[in-house]
Amino acid sequence: MIAVHLPDGAIREVPSGTTPLEIANSISPRLAAASIAARIAPVTAAAVQSGAHGESQGESASEASMYATEDAAAPRLVDLSAPLTSDTRLELVKENDPDALKVLRHSSAHVLATAVLELFPETKLGHGPATDSGFFYDFYREKPFTPEDLAAIETKMAEVVARNEPFVREYEPREQALAEFERDGDFMKTHFVTKFTSPGDQVSFYRNGTFVDFCRGPHVPSTGRVKAFKVTSLAGAYWLGDEKNPQLQRVYGTAFFSQKDLDDHFARLEEAARRDHRVLGKQLDLFSIQDLAGPGLIFWHPKGAIIRKVMEDWMRDECLRRGYQLVYTPHVARINLWQTSGHEGFYAGNMFTPMELDDALYRLKPMNCPFHILIYKNSPKSYRDLPQRYAELGNVYRYERSGTMHGLLRVRGFTQDDAHIFCMPSQIESEVAACIDFAEAVLKTFGFSEFKVELSTWDPNDRAHYAGSDENWDLASRSLDNVLKAKGIAYKTIPGEAAFYGPKIDIKLVDVLGRLWQLSTVQFDFNLPARFELEYVGEDGERHQPVMVHRALFGSVERFFGVLIEHYAGAFPLWLAPVQIGLVPISEKHTAYAAKLEAELKAAGLRVESDARNEKMNSKIRDFAMQKTPYILVFGDKEESTGAVNVRTRGKQEQSTMPLANFIAKAKELVANQSTEL
Ligand SMILES: [Zn+2]
Ligand SMILES: [Zn+2]
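Here our numbering runs 4 ahead of the position in the sequence shown, where the first position is 1.
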């Protein structure tokens, strides 16, 4: 007999070999029918709470201890039909579990491969993992699949689903499996079995109907569970990424538990395409990337540049208000600097190649840190001078492989809202707290209400990969932990994910479509202060090494701008809109009044554009609306005689007529409050 511990605390004594499905059935057939897979963990492991895995938030302490345990003790997913053979914690995984979709999608990849082999038996199989948005399967076949083939594959998949074939796990001795794969010319399967199993192993397969795949699972109980799916696209990829190898065909698809979820997914994709910052950037004339200049280099057009100015002004003012000092540093430096900082060693592959000048080799800067360090080092510091907080909107250049650039999101030249804080270990906690406050202010001001926080810490068992003393690591990790807890911020701890030079906090904002964007980061550094031999004289009169914090809140100004464009779909709040007010005189008679309005609005600090073209009023209104201008003021004889304006507000049907002074007061207030309302 074995003891099975259920999430509600109940313990069931069952014969060894009992399956999760049998246990589910004994609880209720409805529960069994709703279950997809099972999550098991040895009873000896520390109590693992349901939900303390995957994307869940806010259980840092239990998570930290959970991830730190050995793999064997960690919860893992198994088939509902997997026999339980020792005392186990068991949780049935239902459709709403974050892991359930992965199991479904990987099972869908098997259904895809089943369909492909039935239609094109000569095809050789690669592998078919679940991805964040669906699944794919790699195939080798001399003739490329056509769009018609993909449609036929999707139809055949529906047949495989309708047959409701159980996924059955089978084992075979490794040598026998390898011999069969080699005999059949299954070069990819031969490779995977050789790589991921050891001589003498029993190799795991999954069968549905006549289709068999080398796989560790887990799977949904049967192909019938794959109800809502779609084959989405086809891409070429060289086997093992080597162009000397055969070219594979990667067929992509996605799957959900319901047709509604599938429909919602495609609606979201459509909405994301509508908000694509590259499309809107062109349509609203915000920025461009110029072929003659090179990829990944951003040209900010006047309308984008004015938004950038507003962003930068806000950021600089906030920095000053929060006790930072602004600095400016060069774009290039002698290679010696990058040798001292260590970038020449571990970061050279991400840097532009050196330029030879008469006195030395120079490199464009990929980071601002060493420059701020040189400013710190330029004069002696005492504990009274600390913390020193240097902020710069610094342009950096990083080498990204051609073909990997993406609009404003992945570029070769960008501007970091970078700051480096030099402080005493005793100041770590208050400095981090201030950074988190600042980061929250950035997100809130720019219109994001939701964010997720990750704390990356070191792995104390992997001492060799981390610079700095145990003492410093403990202090810094504990400080970060304390600050987040004190602020009541839910976060996820990720042990072993820290940079080699210190622990960090990453803040990912959630945009209007629910997408996560990694932007703000607060990182500790024990490494650079040592490499540059930074010092301060302590209260004790002795020399000490300061701790350094790197932090960027927009992250990259370019990337943040890209996210803003998509978040607002180009309809910026008034304070950010490049043109806040469009003026539409009804006829040429009103040109003088237009000039007067323009002058008064400009004098009030508002950004205004007057359309004096000899066009119909409606087409002028339409043009401003296409540019997503927040307010359009229309005026003719009536307005002119009373000193009023007719106001059309973006996104609203009703118009209103008001004295110009009232409109100006309202607009100025919205701008001053960085309001997202109009
Ligand atoms: Zn599988
Ligand atoms: Zn830095």
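By construction, the Cβ of each residue, glycine as well, lies at the ideal position given by its N, Cα and C atoms.
Reference residue i, options the options, closest by Cα
{"i": "Ala503", "options": "Asp529, Gly655 and Phe215", "result": "Asp529"}
{"i": "Leu587", "options": "Arg563, Ser623, Glu562 and His571", "result": "Ser623"}
{"i": "Lys199", "options": "Gly213, Thr214, Tyr210 and Phe218", "result": "Phe218"}
{"i": "Gly204", "options": "Asp615, Leu273 and Glu179", "result": "Glu179"}
{"i": "Ala676", "options": "Asn650, His548 and Leu610", "result": "Leu610"}
{"i": "Glu174", "options": "Leu484, Phe139, Gly213 and Asn168", "result": "Gly213"}
{"i": "Thr118", "options": "Thr497, Leu390, Trp342 and Glu163", "result": "Glu163"}
{"i": "Thr127", "options": "Phe139, Thr135, Ser112 and Lys147", "result": "Lys147"}
{"i": "Leu513", "options": "Arg535, Pro550, Lys456 and Ile590", "result": "Lys456"}
{"i": "Glu444", "options": "Gly545, Thr135 and Leu557", "result": "Leu557"}
{"i": "Leu105", "options": "Leu81, Leu121, Phe124 and Leu88", "result": "Leu81"}
{"i": "Arg374", "options": "Phe196, Gln631, Glu537 and Ser473", "result": "Sequence inspection shows Pro at residue 374; the Arg mentioned does not correspond to that position. Answer by Cα proximity: Glu537."}
{"i": "Pro429", "options": "Leu479, Glu543 and Asp268", "result": "Leu479"}
{"i": "Arg338", "options": "Gly353, Tyr366 and Leu324", "result": "Tyr366"}
Residue i to residue j span [Cα, whole Å]
{"i": "Ile432", "j": "Arg519", "result": "31 Å"}
{"i": "Lys606", "j": "Val107", "result": "59 Å"}
{"i": "Leu578", "j": "Gly349", "result": "46 Å"}
{"i": "Gly240", "j": "Tyr144", "result": "10 Å"}
{"i": "Lys231", "j": "Thr258", "result": "11 Å"}
{"i": "Leu664", "j": "Gly647", "result": "6 Å"}
{"i": "Lys369", "j": "Asn476", "result": "28 Å"}
{"i": "Gly132", "j": "Glu501", "result": "27 Å"}
{"i": "Glu176", "j": "His114", "result": "19 Å"}
{"i": "Thr194", "j": "Leu244", "result": "13 Å"}
{"i": "Pro250", "j": "Asn465", "result": "41 Å"}
{"i": "Val541", "j": "Arg547", "result": "5 Å"}
{"i": "Asp153", "j": "Ala277", "result": "26 Å"}
{"i": "Arg402", "j": "His281", "result": "22 Å"}
{"i": "Val216", "j": "Glu186", "result": "15 Å"}
{"i": "Pro299", "j": "Gly566", "result": "16 Å"}
{"i": "Tyr256", "j": "Leu273", "result": "15 Å"}
{"i": "Ala65", "j": "Ala494", "result": "At Ala65 the pLDDT is 28, less than 50, meaning the model places this residue with poor confidence; the figure from the coordinates comes in the next sentence. Looking at the two C-alpha atoms, the distance is approximately 11 Å."}
{"i": "Gln53", "j": "Pro11", "result": "Residue confidence for Gln53 is low, a pLDDT of 38 falling below 50, so the modelled location carries little weight and cannot support an answer."}
{"i": "Leu447", "j": "Ala599", "result": "37 Å"}
{"i": "Val331", "j": "Pro391", "result": "15 Å"}
{"i": "Thr419", "j": "Glu673", "result": "30 Å"}
{"i": "Val18", "j": "Arg405", "result": "57 Å"}
{"i": "Leu35", "j": "Gln678", "result": "50 Å"}
{"i": "Gly506", "j": "Gly472", "result": "8 Å"}
{"i": "His376", "j": "Leu412", "result": "26 Å"}
{"i": "Gln343", "j": "Lys508", "result": "24 Å"}
{"i": "Val197", "j": "Gly189", "result": "14 Å"}
{"i": "Phe171", "j": "Ser111", "result": "9 Å"}
Buried versus exposed, by CB contacts within 10 Å (16 or more), residue i
{"i": "Arg109", "result": "buried"}
{"i": "Arg388", "result": "exposed"}
{"i": "Ala155", "result": "exposed"}
{"i": "Ala51", "result": "Caution is warranted here: a pLDDT of 43 is assigned to Ala51, below 50, making its placement in the model unreliable, and the coordinate value is therefore given only provisionally. With fewer than 16 other Cβ atoms within 10 Å, it is exposed."}
{"i": "His469", "result": "exposed"}
{"i": "Pro125", "result": "exposed"}
{"i": "Asp510", "result": "buried"}
{"i": "Ser591", "result": "exposed"}
{"i": "Thr227", "result": "buried"}
{"i": "Gly574", "result": "buried"}
{"i": "Gln253", "result": "buried"}
{"i": "Val8", "result": "buried"}
Near ligand 1: residue i beta-carbon under 7 Å from a heavy atom
{"i": "Gly221", "result": "yes"}
{"i": "Tyr210", "result": "yes"}
{"i": "Asp217", "result": "yes"}
{"i": "His110", "result": "yes"}
{"i": "His114", "result": "yes"}
Proximity test, residue i beta-carbon vs ligand 2 heavy atom, cut-off 7 Å
{"i": "Asp422", "result": "yes"}
{"i": "Asn29", "result": "no"}
{"i": "Cys439", "result": "no"}
{"i": "Met371", "result": "yes"}
{"i": "His554", "result": "yes"}
Chain D contact for residue i (CB, 8 Å cutoff)
{"i": "His410", "result": "Considering every chain present, this structure includes no chain D. It has just one protein chain."}
Inside the region 338–393 only - alpha helix (DSSP H) runs reaching at least 4 residues: Fully enclosed alpha helix (DSSP H) runs of 4 or longer: 339–345, 347–350 and 373–381.
Alpha helix (DSSP H) runs wholly inside the region 186–247, at least 4 long, in chain order: The alpha helix (DSSP H) runs lying completely inside the region 186–247 and spanning 4 residues or more are 191–200, given in chain order.
Entirely enclosed alpha helix (DSSP H) segments - the region 469–508, minimum 4 residues: The region 469–508 contains, as complete alpha helix (DSSP H) runs of 4+ residues, the segments 474–490 (chain order).
Segments assigned beta strand (DSSP E), at least 3 residues, entirely inside the region 271–324: Counting only runs of 3 or more, we get 291–293 and 302–304.
Residue ranges of each beta strand (DSSP E) within the region 96–145, 3 or longer: Qualifying beta strand (DSSP E) stretches, in chain order: 139–144.
Runs of alpha helix (DSSP H) lying entirely within the region 551–600, each at least 4 residues, in chain order: You should have 561–572.
Any beta strand (DSSP E) of 3 or more consecutive residues that is wholly inside the region 406–461: Listed in chain order, the complete beta strand (DSSP E) runs (minimum 3 residues) inside the region 406–461 are 417–427 and 454–461.
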